[in-house]
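Student: Sharing a structure here in structure tokens format.
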Amino acid sequence: MNTYHHSDGLTINGITLAAQPLARQHEILTSGALEFIAQLHRATAGRRQELLERRHERRAAIRKGQDPRFLPQTSQIRNDPSWRVAPPAPGLEDRRVEITGPVERKMTVNALNSGAKVWLADFEDSLTPSWRNVIQGQINLIDALTDRIDFVSPEGKEYRLRPAEERPTIVVRPRAWHLPEKNMLVDGKPVAGGIVDFGLYFYHNAARLIAQGKGPYFYLPKIENHLEARLWNDVFVFAQDLLGIPQGTIRATVLIETITAAFEMEEILYELRDHAAGLNAGRWDYIFSIIKNFRTRGPRFVLPDRAQVTMTQPFMRAYTEQLVRACHRRGAMAIGGMAAFVPNRKDPRANALAFEKVRADKTREARDGFDGSWVAHPDLVPVAREVFDSVLGGRPNQLDRLREDVTPDDRALIDVAACTGTITEAGIRNNIEVGVRYIEAWLRGSGAVAIHNLMEDAATAEISRSQIWQWIHSQAITDEGEVITREWVKELFEEEFTKLERFDGDRFRDAHEIFEEVALAPEFPTFLTLPAYARYLCETAGKEDEYEAGLPEPDRALAGVS
Numbered sequence: 011m012n013t014y015h016h017s018d019g020l021t022i023n024g025i026t027l028a029a030q031p032l033a034r035q036h037e038i039l040t041s042g043a044l045e046f047i048a049q050l051h052r053a054t055a056g057r058r059q060e061l062l063e064r065r066h067e068r069r070a071a072i073r074k075g076q077d078p079r080f081l082p083q084t085s086q087i088r089n090d091p092s093w094r095v096a097p098p099a100p101g102l103e104d105r106r107v108e109i110t111g112p113v114e115r116k117m118t119v120n121a122l123n124s125g126a127k128v129w130l131a132d133f134e135d136s137l138t139p140s141w142r143n144v145i146q147g148q149i150n151l152i153d154a155l156t157d158r159i160d161f162v163s164p165e166g167k168e169y170r171l172r173p174a175e176e177r178p179t180i181v182v183r184p185r186a187w188h189l190p191e192k193n194m195l196v197d198g199k200p201v202a203g204g205i206v207d208f209g210l211y212f213y214h215n216a217a218r219l220i221a222q223g224k225g226p227y228f229y230l231p232k233i234e235n236h237l238e239a240r241l242w243n244d245v246f247v248f249a250q251d252l253l254g255i256p257q258g259t260i261r262a263t264v265l266i267e268t269i270t271a272a273f274e275m276e277e278i279l280y281e282l283r284d285h286a287a288g289l290n291a292g293r294w295d296y297i298f299s300i301i302k303n304f305r306t307r308g309p310r311f312v313l314p315d316r317a318q319v320t321m322t323q324p325f326m327r328a329y330t331e332q333l334v335r336a337c338h339r340r341g342a343m344a345i346g347g348m349a350a351f352v353p354n355r356k357d358p359r360a361n362a363l364a365f366e367k368v369r370a371d372k373t374r375e376a377r378d379g380f381d382g383s384w385v386a387h388p389d390l391v392p393v394a395r396e397v398f399d400s401v402l403g404g405r406p407n408q409l410d411r412l413r414e415d416v417t418p419d420d421r422a423l424i425d426v427a428a429c430t431g432t433i434t435e436a437g438i439r440n441n442i443e444v445g446v447r448y449i450e451a452w453l454r455g456s457g458a459v460a461i462h463n464l465m466e467d468a469a470t471a472e473i474s475r476s477q478i479w480q481w482i483h484s485q486a487i488t489d490e491g492e493v494i495t496r497e498w499v500k501e502l503f504e505e506e507f508t509k510l511e512r513f514d515g516d517r518f519r520d521a522h523e524i525f526e527e528v529a530l531a532p533e534f535p536t537f538l539t540l541p542a543y544a545r546y547l548c549e550t551a552g553k554e555d556e557y558e559a560g561l562p563e564p565d566r567a568l569a570g571v572s
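Here's what the structure looks like:
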């Protein structure tokens, strides 16, 4: 093993760790784990970059007027009634309630004690991807799987796990393909954040999970087409071979949270079929994806206030019903969207109203054929469980509901013009407040933030800033008759900023700068987290390496280079 120190960090066999060392990182960043990550990276980096380039080309075509359609070249996959995905894996037969949350230590205990069937252990939208959070998250997962997660908070509150048989199945969500991990370089190039998250968890825990009667399970975020799913499948095959794990042990649920992926749901299941567990209706990122892709296509694609874009809007109904049909036709689970309400125990009346809305949302999903759904808070687990219990009874799922009454309709998926609602000044102000407050908390390390009794994460912040950008560039008009201009929004921005409650050590000035850049700039940054990560979270920030310097302009943005 060749190890040496230099100004940019510690290098071991071509693998450079650029960040400052952390407590217990030696338990995670072992030589074996690092070599495993390096092998995965070297096998996939080129194809990943090609797929990111393809994303840019697809978005450019949509902006020029080319609407997405079902793919003619994959019609044989959709028309073949014979194929199915793998049967449900141990611990994934019953997914009626899934709780989501970052892999922070307190959340880990709360999620595992929540009574949910599945915990989505998140390294993505609800976790600020600082190096400390990434490594500590891996430590927390190992500690949870080895019953070492108990701890006492600074306030003296004890957190202890329920017995193992009462805990949910863990499903890890790694970062999406576009996010780099600039604190880990292989041959001088950043590793994909998703490869780091997947690789470390799989390397350290696959055998342990199998011994416990379950397996290494994953949620795959922000996939945009079936070729990106194919790359993940190749990662799974390669990883299982490297560690001598039987093929098909890994199972993955794909979030359909980009508009382009919605046209390829069956193809995505097909690519992952030996490893596929299901699809999830990731509603918030899905809305963001529609805005991002159609942002310059005029009034036909302009949405009303975020709060009015509910799951009962026609284009959202088309999305969820076609998702259930695609899943159950192929033997895969269909998992519903997030209930983001955060209960306030000091306001019983508000809670009662919110619980009724959550109950109605989950009832619609259960009746539509979904096999389970997401909640963001432990207090919502009993509400969602009651709804699904009433529909499922003693059955673990409703895979037998084939939804043959649903006809695949690619036009309906983008019939945004049928969406009803208004744009209001209050909606603009709310987007500004949520966007700035979320970014500020994200910069301090909190990727999931309760604002006005709703759990906000990167996806909802993306909706907030992208709606403002689109409204400005479309010269949208509020219900009060006000034309939305950059100058007017800038005034509202400054007014809302002065209302924020400041405190020692806050990051509101940095958040102000980032929000202005991603919401008010002439060009539309692909993701708000990329400039924020490159500027504030990466210990190699400002050190633009040769790899990134040589990328075309769109990929420089995707790689996080300003």
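Numbers in the numbering used here are just positions in the sequence shown, counted from 1, shifted up by 10. Where is the CB? At the ideal position from N, CA and C, for every residue including glycine.
1. Excluding the 5 residues preceding and the 5 following residue 551 in the sequence, name in chain order all residues of the same chain whose CB lies nearer than 7 Å to its CB.
2. Which same chain residues end up closer than 8 Å to residue 6 when comparing Cβ atoms and leaving out the 5 residues on each side of it in sequence?
3. Straight-line CA distance for residue 354 to residue 466?
4. Taking all protein chains shown into account, decide if residue 371 is buried (16 or more other Cβ within 10 angstroms of its Cβ) or exposed.
5. Can you tell me whether residue 90 is buried or exposed? The criterion is at least 16 other CB atoms within 10 Å of its CB, across all chains shown.
6. Residue 98: which of 79, 338, 68 and 143 sits nearest, CA to CA?
7. How is residue 503 classed by DSSP in three states: helix, strand or coil?
8. Tell me whether residue 144 is buried or exposed, calling it buried when 16 or more other Cβ atoms sit within 10 Å of its Cβ.
9. Which of helix, strand or coil does DSSP assign to residue 439?
10. In the DSSP assignment, the beta strand (DSSP E) including residue 112 goes from what residue to what residue?
11. If we ignore side chains and look at the alpha-carbon of each, how far apart do residue 118 and residue 61 end up?
12. Where does residue 456 sit, in a helix, a strand or coil, going by DSSP?
13. Need the endpoints of the alpha helix (DSSP H) that residue 130 sits in, please.
14. Could you work out which residue in 378, 120 and 141 is closest to residue 414 when comparing CA atoms only?
15. Just list the beta strand (DSSP E) runs in the segment 165-225, keeping only unbroken ones of 3 residues or longer that don't cross its boundaries, in chain order.
16. Quick one: what's got a C-beta closer than 7 Å to residue 516's C-beta in the same chain, skipping five residues either side?
17. Just to confirm, is the Cβ distance from residue 181 to residue 128 under 7 Å?
18. Given 8 Å as the limit, is there contact between the segment 414-434 and the segment 310-317, that is, 3 or more CB pairs closer than that?
19. Can at least three beta-carbon pairs, one atom from the segment 403-410 and one from the segment 92-106, be found at a separation below 8 Å?
20. Which one of 462, 312 and 134 has the shortest CA to CA distance from residue 229?
21. Locate the beta strand (DSSP E) running through residue 228, then write down its first and last residues.
22. Can you give the Cα-Cα distance for residue 260 and residue 175, rounded to whole angstroms?
23. Near residue 112, what residues of its chain come up, given a Cβ to Cβ distance below 7 Å and the 5 sequence neighbours on each side ignored?
24. Can residue 34 and residue 234 be called in contact, C-beta distance under 7 Å?
25. Distance, Cα to Cα, residue 542 vs residue 52?
26. Could you tell me if the beta carbon of residue 449 falls within a distance shorter than 6 Å of some heavy atom in the ligand ADP?
27. Out of 149, 67, 198 and 115, which has the shortest C-alpha to C-alpha gap to residue 36?
28. Would you please state the rounded distance, in angstroms, between the beta carbons of residue 529 and residue 478? I believe it to be under 8 Å.
29. Starting from the C-beta of residue 73, find all residues in its chain whose C-beta is less than 6 Å away, skip the five residues before and the five after it, and write them out in chain order.
30. Going by the CB atoms, is the gap between residue 364 and residue 286 shorter than 7 Å?
31. Please classify residue 465: does DSSP put it in a helix, a strand, or coil?
32. Quick check on residue 293: buried or exposed, where buried means 16 or more other Cβ atoms within 10 Å of its Cβ?
33. Let me confirm a value: residue 330 is counted as buried when at least 16 other C-beta atoms fall within 10 Å, else exposed. Which label applies?
34. So the candidates are 468, 223 and 281; which of them puts its Cα closest to the Cα of residue 247?
35. Can you name the start and end residues of the alpha helix (DSSP H) that residue 390 belongs to?
36. Put residue 265 into one of helix, strand or coil per three-state DSSP.
Tutor: Checking against the coordinates, here is how it stands:
1. Position 541 of the sequence shown, counting from 1, holds the residue named residue 551. Bear in mind that a pLDDT of 43 at residue 551, under 50, signals an unreliable position, so the number given afterwards is only what the model happens to contain. Exclusion of the five residues before and after residue 551 leaves 544 and 545 as the residues of its chain whose Cβ lies within less than 7 Å of its Cβ.
2. As shown, the chain starts at 11 and ends at 572. That puts residue 6 outside it, with no answer to give.
3. As a working note, residue 354 is residue 344 in the sequence shown. As a working note, residue 466 is residue 456 in the sequence shown. Spanning the two alpha carbons is a distance of roughly 15 Å.
4. Position 361 of the sequence shown holds residue 371. The residue in question, residue 371, is buried, as its Cβ has 16 or more Cβ neighbours within 10 Å.
5. Residue 90 sits at position 80 when you count from the first residue of the sequence shown. Exposed, since its Cβ has fewer than 16 Cβ neighbours within 10 Å.
6. Translated into the one-based positions of the sequence shown, residue 98 becomes position 88. Nearest of 79, 338, 68 and 143 to residue 98, Cα basis: 338.
7. Against the sequence shown, residue 503 aligns to sequence position 493. In the three-state reduction of the DSSP assignment, residue 503 falls in the helix class, which pools H, G and I.
8. The sequence position of residue 144 within the sequence shown is 134, counting from 1. Residue 144 comes out buried.
9. If you number the sequence shown from 1, residue 439 lands on position 429. DSSP places residue 439 in helix when its eight states are reduced to three.
10. To locate residue 112, count along the sequence shown from 1; it is residue 102. Per DSSP, residue 112 belongs to the beta strand (DSSP E) from 107-112.
11. Position 108 of the sequence shown, counting from 1, holds the residue named residue 118. Position 51 of the sequence shown, counting from 1, holds the residue named residue 61. Rounded to whole angstroms, the separation of the alpha carbons of residue 61 and residue 118 is 33 Å.
12. If you number the sequence shown from 1, residue 456 lands on position 446. Here residue 456 sits in coil by DSSP.
13. The sequence position of residue 130 within the sequence shown is 120, counting from 1. That residue, residue 130, is in no alpha helix (DSSP H); its beta strand (DSSP E) goes 128-132.
14. In the sequence shown, the residue the question calls residue 414 occupies position 404. Among 378, 120 and 141, the Cα nearest to that of residue 414 is on 378.
15. 179-183, 190-196 and 199-202
16. Residue 516 sits at position 506 when you count from the first residue of the sequence shown. Only 450 meet the Cβ criterion.
17. The residue you call residue 181 lines up with position 171 of the sequence shown. The residue you call residue 128 lines up with position 118 of the sequence shown. A contact, by the Cβ cut-off of 7 Å.
18. yes
19. Short answer: they touch.
20. Within the sequence shown, the letter at position 219 stands for residue 229. Among 462, 312 and 134, the Cα nearest to that of residue 229 is on 134.
21. Here the question's residue 228 lines up with position 218 in the sequence shown. Segment 227-230, the beta strand (DSSP E) holding residue 228.
22. To locate residue 260, count along the sequence shown from 1; it is residue 250. To locate residue 175, count along the sequence shown from 1; it is residue 165. Residue 260 and residue 175: Cα-Cα distance of roughly 21 Å.
23. Counting from one through the sequence shown, the residue named residue 112 turns up at place 102. These residues qualify, in order along the chain: 132, 136, 137, 457 and 458.
24. Taking the first residue of the sequence shown as 1, we reach residue 34 at position 24. Taking the first residue of the sequence shown as 1, we reach residue 234 at position 224. Not in contact: residue 34 and residue 234 (Cβ atoms no closer than 7 Å).
25. By one-based count along the sequence shown, residue 542 stands at place 532. By one-based count along the sequence shown, residue 52 stands at place 42. Between residue 542 and residue 52, the C-alpha separation is close to 27 Å.
26. The ligand ADP is absent from the structure shown, which contains no ligands of any kind.
27. Residue 36 sits at position 26 when you count from the first residue of the sequence shown. The residue with the shortest Cα to Cα distance from residue 36 is 149.
28. In the sequence shown, residue 529 corresponds to position 519, counting from 1. In the sequence shown, residue 478 corresponds to position 468, counting from 1. About 5 Å separates the two Cβ atoms, so the contact holds.
29. Taking the first residue of the sequence shown as position 1, residue 73 is located at position 63. 306, listed in sequence order.
30. As a working mapping, residue 286 is identified with position 276 in the sequence shown. As a working mapping, residue 364 is identified with position 354 in the sequence shown. In this structure, residue 286 keeps its C-beta atom at 7 Å or more from the C-beta atom of residue 364.
31. Residue mapping note: residue 465 aligns to position 455 of the sequence shown, counting from 1. DSSP, read as helix, strand or coil, puts residue 465 in strand.
32. As a first step, residue 293 must be located in the sequence shown, where it is residue number 283. With 16 or more Cβ atoms within 10 Å of its Cβ, residue 293 is classed as buried.
33. Counting from one through the sequence shown, the residue named residue 330 turns up at place 320. By the 10 Å Cβ count, residue 330 comes out buried.
34. Indexing the sequence shown from 1 puts residue 247 at position 237. Relative to residue 247, the option among 468, 223 and 281 whose CA is nearest is 281.
35. Working through the sequence shown from its first residue, we reach residue 390 at position 380. Counting along the chain, residue 390 falls outside any alpha helix (DSSP H), and DSSP gives it neither H nor E.
36. Residue 265 sits at position 255 when you count from the first residue of the sequence shown. Here residue 265 sits in strand by DSSP.
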